[in-house]
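Trainee: Under this note's numbering, think of the first position of the sequence shown as 1, with each following residue one higher.
Virtual Cβ for every residue (Gly too), placed ideally from N, Cα, C.
Here it is, the structure in full.
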Amino acid sequence: MRLRELFILSRGTKVIIGITFSVSVIAILFAFFYYRSKNNAADPRVMKAREMLHEYDKASGKINSLEAFPFLDTAAAIYESFPDYESSFEIGLIYNNRCSALLLMAVYDSTINEIEKSNLLSLAMKYCDSSIMNYRRWIAEWEKLSSEEITSKVVPFMEAGNPVFKGIKYTKVLSGRIKYILTAQTETPRRLSVSLTNKGTIYRHTGCPDSAFYCYREALALWSDNRTAESNLSVLMGGEPVTPSLIQTLFPPDKGTKK
């Protein structure tokens, strides 16, 4: 067979390639317009803070996640500069991210001594408690509100005449903020569950198994699909770590579903 014949495509192969290319183009266009629409609906006052949290997410997950703390500090400073965000759930998220980074280092960094580990766990607990307090306060204030009630609370801080909204579609931004809070009504109890899981893990590593037990139980009561809490509780009770089934891995619970 000559070399040129190796590159001769059958009609069926050309059709498959054409379909694959078309699907790829459609997917790219969909992603472009979808994320552009989301960005257009985002509150411009805290857009930079969201970017900082995204950058932190990309840089975190390593033992040296502390290097990414400036992203969290910048995001916190932005949120806290606006009265309607200074006690928002985003602040709780920042506290919990700090806690998680310190906890990761305390548990997995083999280069630190016991005193350093104890100090890291102590600081992680302070951040964890701050996140829990923030989430509980947010849930008490916002969880039961309707779309109309949320609007009445948000509008005084997002007046259409504010120069920051000049040149953008104000109604779209306002609607986006309301939808974001409505989504948070489901997600924030799960965020609280994650913080309680972290607190339980800190208790485990500081020799307080009873306190860890109650934290994991409360975490699961808030979010029954919290596999980390479930696994830690199993280990705490002398069992094996819990791993999700193949079905659970392929089809995780819908974020819009309350448990």
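Could you pull the start and end residues of the alpha helix (DSSP H) that alanine 75 belongs to?
Mentor: Numbered from its first residue, the sequence shown carries residue 75 at position 75. Looking at the DSSP string, the run of the alpha helix (DSSP H) that includes alanine 75 is 69-80.
Trainee: Name the residue from Asn134, Ala77, Val107, Phe89 whose alpha carbon lies nearest to the alpha carbon of lysine 62.
Mentor: As a first step, residue 62 is located in the sequence shown; it is residue number 62 there, counting from the start. For the residues Asn134, Ala77, Val107, Phe89, the minimum Cα distance to lysine 62 belongs to Val107.
Trainee: So, under 8 angstroms CB-CB, phenylalanine 71 and glutamate 90 are touching, yes? Tell me the CB distance rounded to an integer number of Å.
Mentor: Taking the first residue of the sequence shown as 1, we reach residue 71 at position 71. Taking the first residue of the sequence shown as 1, we reach residue 90 at position 90. About 13 angstroms separates the Cβ atoms of phenylalanine 71 and glutamate 90, ruling out a contact at the 8 angstroms cut-off.
Trainee: Using the C-alpha atoms, what's the distance from tyrosine 216 back to valine 242?
Mentor: In the sequence shown, counting from the first residue as 1, residue 242 sits at position 242. In the sequence shown, counting from the first residue as 1, residue 216 sits at position 216. Distance between the alpha carbons of valine 242 and tyrosine 216: 13 angstroms.
Trainee: Helix, strand or coil, according to DSSP, for asparagine 64 in the structure here?
Mentor: Position 64 of the sequence shown, counted from the start, is the residue given in the question as residue 64. Residue state, collapsed to three classes: coil.
Trainee: Roughly how far, in whole angstroms, is the beta-carbon of aspartate 84 from the beta-carbon of phenylalanine 157, given that I think they are within contact range, below 8 angstroms?
Mentor: Along the sequence shown, one-based indexing puts residue 84 at 84. Along the sequence shown, one-based indexing puts residue 157 at 157. Between phenylalanine 157 and aspartate 84 the Cβ distance is about 4 angstroms, and since that is below 8 angstroms, they are a contact.
Trainee: Pick helix, strand or coil for tryptophan 223, following the three-state DSSP scheme.
Mentor: On the sequence shown, position 223 is the one that residue 223 refers to. Residue state, collapsed to three classes: coil.
Trainee: Indicate whether leucine 236 and arginine 204 have their beta-carbon atoms separated by less than 8 angstroms.
Mentor: Locating residue 236 in the sequence shown gives position 236, counting from the first residue. Locating residue 204 in the sequence shown gives position 204, counting from the first residue. Taking 8 angstroms as the cut-off, the beta carbon of leucine 236 is found closer than this to the beta carbon of arginine 204.
Trainee: Given a cut-off of 8 angstroms on the beta-carbon distance, is the pair isoleucine 202 and leucine 93 in contact?
Mentor: Position 202 of the sequence shown, counting from 1, holds the residue named residue 202. Position 93 of the sequence shown, counting from 1, holds the residue named residue 93. Their beta carbons are not under 8 angstroms apart, which means isoleucine 202 does not touch leucine 93 by this criterion.
Trainee: Are the Cβ atoms of serine 195 and tyrosine 135 separated by less than 8 angstroms?
Mentor: Position 195 of the sequence shown, counted from the start, is the residue given in the question as residue 195. Position 135 of the sequence shown, counted from the start, is the residue given in the question as residue 135. Yes, the pair counts as a contact, with Cβ atoms nearer than the cut-off.
Trainee: In chain order, which continuous runs of the beta strand (DSSP E) of length 3 or greater are located wholly inside the segment 103-163?
Mentor: Runs found: none.
Trainee: Specify, as a first and last residue, the run of the alpha helix (DSSP H) that tyrosine 203 falls within.
Mentor: Taking the sequence shown and counting its residues from 1, the one referred to as residue 203 is at position 203. Start and end: 170-205.
Trainee: For methionine 125, collect the residues of the same chain with a Cβ closer than 6 angstroms to its Cβ; drop the 5 residues on either side in sequence, then sort them by chain order.
Mentor: Numbered from its first residue, the sequence shown carries residue 125 at position 125. Only Ile202 meet the Cβ criterion.
Trainee: Using the Cβ count rule (16 or more neighbours within 10 Å means buried), how would you classify threonine 111?
Mentor: Here residue 111 is taken as the residue at index 111 of the sequence shown, counted from 1. So threonine 111 ends up on the exposed side.
Trainee: Within 10 Å of its beta-carbon, does serine 273 have 16 or more other beta-carbons around it, so buried, or fewer, so exposed?
Mentor: Nothing about residue 273 can be read from this structure; the chain reaches only from 1 to 259.
Trainee: Span of the alpha helix (DSSP H) holding glutamate 240?
Mentor: Here residue 240 refers to the residue found at position 240 of the sequence shown. Careful: glutamate 240 lies outside any alpha helix (DSSP H) and carries neither H nor E.
Trainee: Cβ atoms of alanine 49 and valine 173: under 8 angstroms apart, would you say?
Mentor: As a first step, residue 173 must be located in the sequence shown, where it is residue number 173. As a first step, residue 49 must be located in the sequence shown, where it is residue number 49. In this structure, alanine 49 does not lie closer than 8 angstroms to valine 173 by Cβ.
Trainee: Here's a check: name, in chain order, each residue in its chain whose Cβ is nearer than 8 angstroms to the Cβ of phenylalanine 30, leaving out the five neighbours to either side.
Mentor: Translated into positions along the sequence shown, residue 30 becomes position 30. Annotation note: pLDDT 37 at phenylalanine 30 (below 50); position unreliable, no value reported.
Trainee: Count the other CB atoms within 10 Å of the CB of proline 163; is the residue buried (16 or more) or exposed (fewer)?
Mentor: The count along the sequence shown starts at 1 and reaches residue 163 at position 163. That one is exposed.
Trainee: Take the Cβ of lysine 199 as the centre, count every other Cβ of all protein chains shown within 10 Å, and call the residue buried at 16 or more, exposed below.
Mentor: The sequence position of residue 199 within the sequence shown is 199, counting from 1. Its Cβ being crowded by 16 or more others within 10 Å, lysine 199 is buried.
Trainee: Going by Cα to Cα distance, which pick from Val154, Phe165, Tyr170 is closest to leucine 182?
Mentor: Taking the sequence shown and counting its residues from 1, one reaches residue 182 at position 182. Out of Val154, Phe165, Tyr170, Val154 has the C-alpha closest to the C-alpha of leucine 182.
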